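Heads up: take any position in the sequence shown, counting from 1, add 1, and you land on the UniProt record's numbering. Each residue gets a CB set at the ideal place from its N, CA and C atoms; glycine is no exception. Given the structure is predicted, the values throughout are model-derived calculations rather than measurements. Encoded as structure tokens, the structure appears first; notes follow it.
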Amino acid sequence: HMKLAVLVSGSGSNLQSIIDHVEAGHINAEIAVVFSNKEDAYGLTRASSHGIPTAVIRHTEYSDREQFDAAMVQVLKDHGADTIALAGFMRMLTPVFLNAFPMRVINIHPALLPSFPGTHGQRDAADFGVRLAGCTVHFVDEKMDHGPVIIQAATPVAPGVDGDTLAGQILRLEHRIYPQALAWLADGRISLDGRHVHIAGAEEPVCDTD
Ligand code: GAR
């Protein structure tokens, strides 16, 4: 079955939801390793407390992205990973990384892409005054928050809501759709036609709402 590496830079609440769904048997996968570029990422503690191996490489020790990516590929392959889930991993990936796991790197972003890419998707959406916000699970390519969309979820936005409140609202949706996307990937149900993702026999909606 799928051997998953989850990459985190911070709290790892999405990692936690993935762990919980794997343990419940909802995702036909094993988490081979949890990796971080930051040794104090709380996600590493979550992994350890579930008996999942962890690895850390500090990006600051590498002079360029390609060398850092090559080091990550080595560590992840050493752990047997064949699929990569970015879960609050705040580094761009180069072809050195992406070509090592073709069509097997996915990300979650806390906005309805292509709106509000970047590091503050929720705050940017709140500041813009949108009426609907949400999150997106997508394949990763070289551009930030850009690759083919697998699933999105949307939530209404109360007038004048602040970015932090909206982020919490979106995070609850993230914890639903990321495990769903990984379950599809693990079951080999996802195929690509250009930018268009097909889910074989999807009885579940590929658009989720509150
Ligand atoms: C999540 O909201 C995730 O969507 C976001 O970082 C947060 C990580 O939270 N990712 C991005 O903004 C990527 N551009 P977590 O560590 O609790 O899962």
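Any non-hydrogen atom of the ligand GAR closer than 7 Å to Q23 Cβ: For the purposes of this step, residue 23 is taken as residue 22 along the sequence shown, with counting starting at 1. Checking the sequence shown, residue 23 turns out to be Val, not Gln. No, since every heavy atom of the ligand GAR falls outside the 7 Å radius drawn around the Cβ of V23.
Complete runs of the beta strand (DSSP E) confined to the stretch 33-109 [at least 3 residues]: 55-57 and 84-87, all fully within the stretch 33-109.
8 Å Cβ cutoff met for H60 and N38: What you label residue 60 is simply residue 59 of the sequence shown in a count that begins at 1. What you label residue 38 is simply residue 37 of the sequence shown in a count that begins at 1. Taking 8 Å as the cut-off, the beta carbon of H60 is found closer than this to the beta carbon of N38.
Selected residue, minimal CA-CA separation from G122, among L99, D163 and A182: Along the sequence shown, read from residue 1 onward, the residue named residue 122 stands at position 121. Each of L99, D163 and A182 was checked against the Cα of G122, and the nearest Cα belongs to D163.
Sequence-distant residues of the same chain with beta carbon closer than 6 Å to V57, five excluded per side: If you number the sequence shown from 1, residue 57 lands on position 56. Taken in chain order, the residues that qualify are S37 and E40.
Option in S50, G81 and N100 with minimal Cα separation from E67: For this step, residue 67 is matched to residue 66 along the sequence shown. Looking at the Cα atoms, N100 is the closest of the given residues.
heavy atom of the ligand GAR below 7 Å from P111 C-beta: For the purposes of this step, residue 111 is identified with residue 110 of the sequence shown, where counting begins at 1. Within the cutoff, so yes.
Other residues of its chain near I200: CB distance less than 7 Å, five sequence neighbours each side excluded: Against the sequence shown, residue 200 aligns to sequence position 199. Cβ neighbours of I200 beyond the five flanking positions: W185, R190, I191 and V207.
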